[in-house]
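Here the structure comes first, spelled out in structure tokens, and everything after it is commentary.
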Amino acid sequence: MTDFERIYQYALDNVRFVRRAEVLAEFVVQNRENPDELQHYFDFIYGVQTDDNPTQALARFRQNEITKEEMLAEFRKPYSFKQLSIHNQSFCDIMKIEKVYQSKTGEELQKWQ
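Note that this note's numbering gives residue 79 to position 79 of the sequence shown, counting from 1, and the numbers run on in steps of one.
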């Protein structure tokens, strides 16, 4: 059995946040405000990357500097990259990265390890 075939032996749960900025914002807020508590049991989470602008917007919202609508607008901006977050160690153990690409240019990176 190949590693790829072995993936399908796992019962995987996932959630995908594509257009529901409010749902994603609430999910991110819960994870940021309670980092030591498990907030979900998903194996995969796909949605906007929340490491830069959306996270800053969340902080500004919590400090009452911007409205909830303004915070949600940050999650909808086109510069927000999408990410796949993997929360399944068994899957990570069998993954093999063969190539990495620069997201802005599509250029294959030669030195990434």
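Where a beta carbon is used, it is the ideal one built from N, C-alpha and C, also for glycine. The structure displayed is predicted, hence computed values, not measured ones.
Within the region 30-70, complete beta strand (DSSP E) segments of at least 3 residues are found at 44-48, given in chain order. The region 25-35 and the region 57-73 touch, with no fewer than 3 CB-CB distances between them shorter than 8 angstroms. Listed in chain order, the non-local C-beta contacts of T55 below 8 angstroms within the same chain comprise V28, R32, local neighbours out to five positions each way being set aside.
Listed in chain order, the non-local C-beta contacts of Q102 below 7 angstroms within the same chain comprise L109, local neighbours out to five positions each way being set aside.
Q83 places its beta carbon 9 angstroms or farther from that of G106. When secondary structure is reduced to three states using DSSP, I86 falls in the strand class. Per the DSSP secondary-structure output, L109 pairs in a beta bridge with V100. Straight across, the Cα-Cα distance linking T67 with E37 is about 27 angstroms.
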